[in-house]
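Sequences listed follow chains P and A, in order.
Each residue of the first sequence is one higher than the last, beginning at 0 in numbering that gives the first Met the number 0.
Each residue of the second sequence is one higher than the last, beginning at 0 in numbering that gives the first Met the number 0.
Heads up, the thing below is written out as structure tokens.
Number of protein chains: 2
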Amino acid sequence: MGLSRREEIILAATELFAKHGFHAVGMRAIADAVGIRGSSLYHYFPSKLDLLHAIALDSTRAFIETQLPDVESIPSHAGRLRQLLRAHILYFHEHRQEEAVGLRELQELRENAPERYIEIQSIRRVYQTGLERIISDGIDAAEFVYDDAHLATLAVLGLVNSVNDWFRETGRYSIDEVADAYCDIAVSRILGARSVR
Amino acid sequence: MGLSRREEIILAATELFAKHGFHAVGMRAIADAVGIRGSSLYHYFPSKLDLLHAIALDSTRAFIETQLPDVESIPSHAGRLRQLLRAHILYFHEHRQEEAVGLRELQELRENAPERYIEIQSIRRVYQTGLERIISDGIDAAEFVYDDAHLATLAVLGLVNSVNDWFRETGRYSIDEVADAYCDIAVSRILGARSVR
DNA sequence: GCAAGCCTAACGAACGTTCGAACGGGTGTC
DNA sequence: GACACCCGTTCGAACGTTCGTTAGGCTTGC
Chain P
0 MGLSRREEII LAATELFAKH GFHAVGMRAI ADAVGIRGSS LYHYFPSKLD LLHAIALDST
60 RAFIETQLPD VESIPSHAGR LRQLLRAHIL YFHEHRQEEA VGLRELQELR ENAPERYIEI
120 QSIRRVYQTG LERIISDGID AAEFVYDDAH LATLAVLGLV NSVNDWFRET GRYSIDEVAD
180 AYCDIAVSRI LGARSVR
Chain A
0 MGLSRREEII LAATELFAKH GFHAVGMRAI ADAVGIRGSS LYHYFPSKLD LLHAIALDST
60 RAFIETQLPD VESIPSHAGR LRQLLRAHIL YFHEHRQEEA VGLRELQELR ENAPERYIEI
120 QSIRRVYQTG LERIISDGID AAEFVYDDAH LATLAVLGLV NSVNDWFRET GRYSIDEVAD
180 AYCDIAVSRI LGARSVR
């Protein structure tokens with residue numbers, strides 16, 4: 000139990016926010032899940048919105064920092080893209096609650112704390128730009144066959160992000176099977192990469 | 000203004016739920032948008048949850064009923080799929096607020112009115128089954144090249160549903176361009192249909 | 001005079017948040 | 001070793017507000 004109280008709170012709040020939504024969960028419910036009283040939460044976070052901000056920022060940063068650097072060493076564009084998308088799907092599966100909160104409750108920050116929304120969005124943009132760069136380079140190198148790198152990026156992102164909408168641990172596929180199949184759809188089919196392994 | 004008061008309420012509530020979320024919008028706010036008092040809403044809906052149910056059911060049924068029958072007359076599987084996906088994207092764009100509520104707040108019904116959740120889910124399943132049938136038939140007829148109709152259906156659905164996550168009227172594409180491009184990605188690239196027009 | 005439609009008023013509960021006090025372990029002083 | 005002191009942590013109680021909902025009465029058109 001190397002968890003600090005602050006981390007315990009973030010963990011419990013993430014789970015509750017992901018399951019019921021930000022506004023459906025009261026501070027007292029979060030405190031109950033940790034085993035303290037509602038008022039004690041304010042020792043760690045000045046407001047409920049700050050708590051949401053901490054969750055969204057942590058999850059966004061954690062994803063970007065662990066995923067992007069790993070692909071630099073792979074030689075082919077198709078290989079880099081495949082590796083990145085695979086890591087994306089697996090990470091989003093492993094941290095699906097954090098990412099669900101990060102995606103769904105962002106507009107809450109947008110309305111009530113615009114500068115924090117922009118902060119998180121700009122981090123997200125780094126990732127999307129990096130992905131688009133890989134695709135764009137692959138097109139220039141004639142490794143991919145598609146004429147619009149921007150639209151292809153959006154399509155591929157929409158595809159891989161949709162896994163969490165339907166995937167269940169108890170279903171007919173394992174997450175590894177889905178990751179493989181979706182990467183193949185994105186790299187070989189959508190982008191038309193031919194010689195990849 | 001052929002709108003009945005009941006329809007006005009549904010319209011206003013849809014807009015507010017889509018923008019702020021179900022729990023963030025109070026009955027008084029909905030009433031304000033219509034120009035009546037909060038208590039008057041209970042003349043039309045017995046509870047807030049019933050109002051949400053009406054929105055989710057209406058939007059789901061309207062989509063299914065207007066989309067599915069249209070494609071029966073088209074000869075090729077690829078043509079049917081293309082037409083269906085195109086209508087899907089355009090419909091989801093035109094009714095993006097209703098569909099956003101229908102997608103995001105469904106778990107609210109799932110927790111607090113399970114039988115209504117099942118009702119809506121079963122309608123949705125009709126559509127997904129119909130889509131999978133088209134894809135499956137196309138594979139059997141060797142018009143599509145993919146080995147898993149179920150996974151292909153999920154991928155294609157995830158792809159077309161993702162448009163509303165990023166599309167903005169003021170962006171660089173029109174919705175028609177996006178619909179064309181995404182249909183092409185789904186039909187020609189993911190499913191590998193060759194001779195289509 | 002009936003019913004639909006809308007109102008005011010109020011209910012108890014829950015909301016996010018604030019406040020001041022109490023607890024308990026560690027440190028410094030005698 | 002005993003003592004006072006501090007500070008991180010938690011608590012109970014309460015603040016004012018808003019929540020979903022109910023009850024009852026007024027107006028209007030058939």
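For every residue, glycine included, the Cβ atom is placed at its ideal position computed from N, Cα and C.
Under 9 Å between C-beta atoms of residue i and residue j
{"i": "residue 158 of chain A", "j": "residue 108 of chain P", "result": "no"}
{"i": "residue 161 of chain A", "j": "residue 163 of chain P", "result": "no"}
{"i": "residue 96 of chain A", "j": "residue 17 of chain A", "result": "yes"}
{"i": "residue 190 of chain A", "j": "residue 155 of chain A", "result": "yes"}
{"i": "residue 133 of chain A", "j": "residue 80 of chain A", "result": "yes"}
{"i": "residue 127 of chain P", "j": "residue 105 of chain P", "result": "no"}
{"i": "residue 77 of chain A", "j": "residue 1 of chain A", "result": "no"}
Straight-line Cα distance separating residue j from residue i
{"i": "residue 130 of chain P", "j": "residue 151 of chain P", "result": "10 Å"}
{"i": "residue 60 of chain P", "j": "residue 100 of chain A", "result": "28 Å"}
{"i": "residue 176 of chain P", "j": "residue 149 of chain A", "result": "13 Å"}
{"i": "residue 58 of chain P", "j": "residue 37 of chain A", "result": "39 Å"}
{"i": "residue 193 of chain P", "j": "residue 145 of chain A", "result": "16 Å"}
{"i": "residue 112 of chain P", "j": "residue 143 of chain A", "result": "48 Å"}
{"i": "residue 199 of chain A", "j": "residue 47 of chain A", "result": "There is simply no residue 199 of chain A to check, as chain A begins at 0 and stops at 196 in what is shown."}
{"i": "residue 188 of chain A", "j": "residue 185 of chain P", "result": "9 Å"}
{"i": "residue 123 of chain A", "j": "residue 63 of chain A", "result": "8 Å"}
{"i": "residue 83 of chain A", "j": "residue 75 of chain A", "result": "12 Å"}
{"i": "residue 264 of chain P", "j": "residue 43 of chain P", "result": "This structure does not reach residue 264 of chain P, given that chain P is present from 0 up to 196, and the question cannot be answered."}
{"i": "residue 68 of chain A", "j": "residue 174 of chain P", "result": "35 Å"}
{"i": "residue 168 of chain P", "j": "residue 31 of chain A", "result": "44 Å"}
{"i": "residue 172 of chain P", "j": "residue 118 of chain P", "result": "36 Å"}
{"i": "residue 116 of chain P", "j": "residue 110 of chain P", "result": "8 Å"}
{"i": "residue 140 of chain A", "j": "residue 71 of chain P", "result": "42 Å"}
{"i": "residue 45 of chain P", "j": "residue 6 of chain P", "result": "15 Å"}
{"i": "residue 195 of chain P", "j": "residue 24 of chain P", "result": "Confidence in residue 195 of chain P is poor, its pLDDT being 47 and thus under 50, which makes the residue's placement too unreliable to answer from."}
{"i": "residue 170 of chain A", "j": "residue 147 of chain A", "result": "35 Å"}
{"i": "residue 135 of chain P", "j": "residue 153 of chain A", "result": "26 Å"}
{"i": "residue 49 of chain A", "j": "residue 49 of chain P", "result": "33 Å"}
{"i": "residue 94 of chain P", "j": "residue 182 of chain A", "result": "31 Å"}
{"i": "residue 125 of chain P", "j": "residue 98 of chain A", "result": "29 Å"}
{"i": "residue 13 of chain P", "j": "residue 114 of chain P", "result": "21 Å"}
{"i": "residue 35 of chain P", "j": "residue 35 of chain A", "result": "42 Å"}
Cβ-Cβ separation, residue j to residue i (assumed contact under 8 Å), whole Å
{"i": "residue 11 of chain A", "j": "residue 29 of chain A", "result": "6 Å"}
{"i": "residue 180 of chain A", "j": "residue 85 of chain A", "result": "Not confirmed; about 11 Å, so no contact."}
{"i": "residue 22 of chain A", "j": "residue 52 of chain P", "result": "19 Å between Cβ atoms; not a contact."}
{"i": "residue 26 of chain A", "j": "residue 40 of chain A", "result": "6 Å"}
{"i": "residue 166 of chain P", "j": "residue 92 of chain P", "result": "7 Å"}
{"i": "residue 8 of chain P", "j": "residue 33 of chain P", "result": "6 Å"}
Checklist entry - For the segment 21-39 of chain P, which residues have a beta carbon sitting closer than 8 Å to at least one beta carbon of chain A? => result 21, 22 and 23
Checklist entry - Name the residues in the segment 176-189 of chain P whose C-beta lies less than 8 Å from a C-beta of chain A; which are they? => result Under the 8 Å Cβ criterion, the segment 176-189 of chain P contributes 177, 180, 181, 184, 188 and 189.
Checklist entry - According to a CB-to-CB cut-off of less than 7 Å, which residues of the segment 131-147 of chain P neighbour chain A? => result none
Checklist entry - Along the segment 75-88 of chain A, what residues have a CB closer than 7 Å to any CB found in chain P? => result none
Checklist entry - Which residues, taken in chain order from the segment 97-118 of chain A, show a beta carbon closer than 9 Å to some beta carbon of chain P? => result Result list: 102, 103, 104, 106, 107 and 110.
Item to check | Within 8 Å of chain P by C-beta, residues of the segment 36-69 of chain A in sequence order | outcome: none
Next on the checklist: Any C-beta of chain P within less than 7 Å: which residues of the segment 5-18 of chain A qualify?
Outcome noted: Flagged: no residues at all.
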